[in-house]
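First up is the structure itself, then whatever we jot down about it.
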DNA sequence: GCCAACGTTGGC
DNA sequence: GCCAACGTTGGC
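In the working numbering, the protein residues as written are 6 to 145.
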């Protein structure tokens, strides 16, 4: 199983809205970046991801699960753009802020720390465990 | 609100 | 195929 990180501005699509979708999940649509799309194409059902609020909050707030493989993005007719569906699993007990990630030397290689512009990014298994620890949350 | 970094577009 | 111009993202 692989791990990922999904970024969204809370004003556009928030964790609360994701939770409200329940187990049905929702398309992670609107991505118009090849690297982010390629990451979504590589995802498998059951992969886990962090849900990150960019801009105002700048913190990882929850854990999501991939529940549909990459398929055409319903918000465009442009066949280049695809997206997966994700569903909320549970919130982190303690949100993990960007500042916390930057402050932890074990996370210095994290994409979130080094390439803040990429909206769908891979997370290593080690990084996953560290952030769950910082978030006081079971990594399963 | 500003601006640096990055990705994309389009003229040549 | 290069690269300048432009638009967008996101940290500060």
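Ideal Cβ positions, reconstructed from N, Cα and C, are used throughout, including at glycine.
Check                                                                                                        : Outcome
For residue 92, three-class secondary structure by DSSP                                                      : strand
Heavy atom of the ligand HEM within 7 Å of residue 111 beta-carbon                                           : You won't find the ligand HEM in this model; it holds no ligand whatsoever.
Validate contact between the segment 44 to 54 and the segment 96 to 116 using beta carbons, cut 8 Å, 3 pairs : no
Span separating the alpha-carbon of residue 44 from that of residue 59                                       : 19 Å
Three-state secondary structure assigned by DSSP to residue 35                                               : coil
Per DSSP, cross-strand counterpart(s) of residue 102                                                         : 64
Nearest to residue 76 (by Cα), restricted to the options 145, 68 and 48                                      : 48
Residue from 63, 9 and 69 whose Cα sits closest to the Cα of residue 22                                      : 69
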